[in-house]
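Asker:
Protein chains in written order, with my numbering: chain V, 111 to 322; chain X, 1199 to 1403.
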């Protein structure tokens, strides 16, 4: 009892302790609610989704093992939003070229083979942008709809627009739903955490114009 | 007094920042040492060819190990790389083309993995179902230390002995001026991210 009274007296006398006791729960509560909101906002900031208009080209960027980018690009083509479709890829291993596999896939989805173009050996977004711009200049195309994963969409458009500021590009990413990456509460899913961290590191690399 | 406190605070911040930058640089340049385990090869029942990639020489290495008699069977393993395209199928064709008898080469298709542990559980189940007791896992150099530990732990539950290796040429290629090339840095960083990340998710441990 005496000890309790001593603590109470100390508490009454110490302004600093009183402040800590009052403000600590407020700060903890704010962190509890604001950190998830901030993390969600960060992930959502990776996405760029434009109002799509008819363009010369629809481009499915490479690197999607599930071919959801190619599926989305074929959907847009079948809606009449572009007259040509570009698929990207690289020599993956002996006998495997992912651009050729992607081409077979979009042809199966109803895109005529004559309307499918390929860019090859695109190992990262920057080389992909360079190859795309070369192709557009060669054929005289001026506008393109870029289809990629949601998490990659803002960086892809930033990189491509920087490579060809005189052309017009629209972003129409693959919807962010399972099994694709999802921005809401991404830290609760191991696969989405990996994608998000990798994307932010890639942004740093892109902005510093470091490795390409 | 106020100015003194401010200066002290600023100095502390500068020291912490400098230490952080030095630590990050040290960690970055130590990545090859931290991630790459020494390669080891033993006689086993099966070679698990799990590093199928255009930038590696694993097909040649696997064929060489087979010819040297390290194992009598080979399993080519991969998830899909694109629509209905499994590099494992092509690696098998490549090995047959290099003269390995086709009846000794099998293929295991995996789902697209969320983390390495899920794939290793499926591989371990497959090895167990075939009655093999010892396996040699061929992986990428940058994943060798972590995968050796993780896969070893998973295989041990099925009472399967595991040795992890990679082609020495791939290690030379990967570690030569690695900080200058995008694909090399990307591989090192990707391999490094996975390790701490897996610790937070029970399904990946």
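We put the beta carbon where it would ideally sit given N, CA and C, even for glycine.
Keeping to the same chain, check which residues put their C-beta closer than 6 Å to that of residue 177 (chain V); ignore five residues upstream and five downstream.
Answerer: Within the same chain, residue 177 (chain V) has close Cβ partners 215.
Asker: Below 8 Å on the Cβ atoms is my guess for residue 1399 (chain X) versus residue 1313 (chain X); work out the distance and round it to an integer in Å.
Answerer: Rounded, the Cβ-Cβ distance is 7 Å, consistent with contact.
Asker: Does the contact criterion of 3 or more C-beta pairs under 8 Å hold for the segment 290 to 298 of chain V versus the segment 197 to 204 of chain V?
Answerer: No, the segment 290 to 298 of chain V does not touch the segment 197 to 204 of chain V.
Asker: List in chain order: all unbroken alpha helix (DSSP H) runs of 4+ residues lying wholly within the segment 242 to 305 of chain V.
Answerer: DSSP runs (the alpha helix (DSSP H)) wholly in the segment 242 to 305 of chain V: 260 to 273.
Asker: Specify whether the segment 301 to 315 of chain V and the segment 209 to 229 of chain V touch according to this definition: at least 3 beta carbon pairs, one from each stretch, less than 8 Å apart.
Answerer: Counting Cβ pairs under 8 Å, fewer than three are found: no touch.
Asker: Can you pull the chain X neighbours of residue 313 (chain V), defined as C-beta to C-beta under 7 Å?
Answerer: Per Cβ cutoff of 7 Å: no residues; residue 313 (chain V) is ~13 Å from chain X at best.
Asker: Could you round the C-beta distance between residue 253 (chain V) and residue 166 (chain V) to whole angstroms and report it? I think they count as a contact, below 8 Å.
Answerer: 5 Å between Cβ atoms; contact.
Asker: Could you tell me which residues DSSP pairs with residue 201 (chain V) in its beta bridges?
Answerer: V:207, per the DSSP bridge assignment.
Asker: Can you pull the DSSP bridge partners for residue 1332 (chain X)?
Answerer: Partner(s): X:1359.
Asker: In the segment 1334 to 1350 of chain X, which residues sit with their C-beta less than 9 Å from some C-beta in chain V, listed in chain order?
Answerer: From the segment 1334 to 1350 of chain X, no residue has a Cβ closer than 9 Å to chain V.
Asker: What does the Cβ neighbour count give for residue 138 (chain V), buried or exposed, with the cut at 16 atoms within 10 Å?
Answerer: It counts as exposed.
Asker: To the nearest angstrom, how far is it from the Cα of residue 198 (chain V) to the Cα of residue 1238 (chain X)?
Answerer: Each residue's Cα considered, the two are about 38 Å apart.
Asker: List, in order along the chain, the chain V residues whose C-beta lies closer than 8 Å to that of residue 1248 (chain X)?
Answerer: Ordered by position in chain V, no residue passes the 8 Å Cβ test against residue 1248 (chain X), which lies about 12 Å from the chain.
Asker: Could you give the distance in angstroms between the alpha-carbon of residue 212 (chain V) and the alpha-carbon of residue 133 (chain V)?
Answerer: Near 57 Å, if we compare the C-alpha coordinates of residue 133 (chain V) and residue 212 (chain V).
Asker: Using the Cα positions of residue 146 (chain V) and residue 1365 (chain X), report the straight-line distance between them to the nearest angstrom.
Answerer: Between residue 146 (chain V) and residue 1365 (chain X), the C-alpha separation is close to 44 Å.
Asker: I'd like the ranges of any beta strand (DSSP E) spanning at least 3 consecutive residues and lying wholly in the segment 138 to 180 of chain V.
Answerer: Those beta strand (DSSP E) runs which fall completely within the segment 138 to 180 of chain V and span 3+ residues are 165 to 170.
Asker: Alpha carbon to alpha carbon, how far is residue 1384 (chain X) from residue 280 (chain V)?
Answerer: Cα-Cα distance, rounded: 28 Å.
Asker: In whole angstroms, give me the CA-to-CA distance for residue 1300 (chain X) and residue 1269 (chain X).
Answerer: Distance between the alpha carbons of residue 1300 (chain X) and residue 1269 (chain X): 14 Å.
Asker: Does the segment 1241 to 1248 of chain X touch the segment 1264 to 1280 of chain X, meaning 3 or more C-beta pairs lie closer than 8 Å?
Answerer: Segments in contact, yes.
Asker: Kindly indicate if chain V contains any beta-carbon less than 8 Å away from that of residue 1255 (chain X).
Answerer: No, because no Cβ of chain V sits closer than 8 Å to the Cβ of residue 1255 (chain X).
Asker: Helix, strand or coil for residue 1272 (chain X), going by three-state DSSP, please let me know.
Answerer: It is a strand residue.
Asker: Between the Cα of residue 189 (chain V) and those of V:316, V:168, V:317, spot the shortest distance and give me the residue it belongs to.
Answerer: When only C-alpha atoms are compared, the closest one is V:168.
Asker: Quick check on this structure: which residue in X:1326, X:1316, X:1297 has the alpha carbon closest to the alpha carbon of residue 1354 (chain X)?
Answerer: Of X:1326, X:1316, X:1297, the residue nearest in Cα terms is X:1326.
Asker: Applying the criterion that 16 or more other CB atoms from any shown protein chain within 10 Å of the CB defines a buried residue, is residue 1219 (chain X) buried or exposed?
Answerer: So residue 1219 (chain X) counts as exposed.
Asker: Count the other CB atoms, across all protein chains shown, that sit within 10 Å of the CB of residue 1352 (chain X); report buried if there are 16 or more and exposed otherwise.
Answerer: It is buried - the Cβ of residue 1352 (chain X) has at least 16 other Cβ atoms within 10 Å.
Asker: Using a Cβ-Cβ distance cut-off of 8 Å, determine whether residue 1376 (chain X) contacts chain V.
Answerer: No - not a single Cβ of chain V is within 8 Å of the one on residue 1376 (chain X).
Asker: Using beta carbons (cut-off 8 Å, strictly below), is residue 201 (chain V) in contact with chain X?
Answerer: It does; some Cβ of chain X falls within 8 Å.
Asker: Would you say residue 1210 (chain X) reaches chain V, if we count a Cβ-Cβ gap shorter than 8 Å as a contact?
Answerer: Taking Cβ atoms only, chain V never reaches closer than 8 Å to residue 1210 (chain X), which makes this a no.
Asker: Using the beta-carbon count (16 or more within 10 Å), is residue 1382 (chain X) buried or exposed?
Answerer: Counting Cβ neighbours within 10 Å, residue 1382 (chain X) comes out buried, since at least 16 surround it.
Asker: For residue 217 (chain V), I'd like the list of residues in its chain whose CB is within less than 7 Å of its CB, leaving aside the five on either flank, ordered along the chain.
Answerer: Counting only Cβ-Cβ distances below 7 Å, and skipping sequence neighbours, we find 223, 226.
Asker: Does the Cβ of residue 319 (chain V) have 16 or more other Cβ atoms within 10 Å, making it buried, or fewer, making it exposed?
Answerer: Answer is exposed; the Cβ neighbour count stays below 16.
Asker: Cα-Cα, which of V:234, V:136, V:157, V:126 is closest to residue 262 (chain V)?
Answerer: Out of V:234, V:136, V:157, V:126, V:157 has the C-alpha closest to the C-alpha of residue 262 (chain V).
Asker: Rounded to the nearest angstrom, how far is the Cβ of residue 196 (chain V) from that of residue 170 (chain V), given a contact under 8 Å?
Answerer: At roughly 7 Å, the Cβ-Cβ gap stays under 8 Å, so residue 196 (chain V) and residue 170 (chain V) are in contact.
Asker: What residues from chain V crowd round residue 1313 (chain X), counting only those whose CB sits closer than 9 Å?
Answerer: Near residue 1313 (chain X) (Cβ distances below 9 Å), the residues of chain V are 300, 301, 304.
Asker: Does DSSP classify residue 216 (chain V) as helix, strand or coil?
Answerer: Here residue 216 (chain V) sits in helix by DSSP.
Asker: Mind listing the chain X neighbours of residue 204 (chain V)? Cutoff is C-beta to C-beta under 9 Å, in chain order.
Answerer: Ordered by position in chain X, the residues that pass the 9 Å Cβ test against residue 204 (chain V) are 1250, 1252, 1257, 1285, 1288, 1289, 1291, 1292, 1295.
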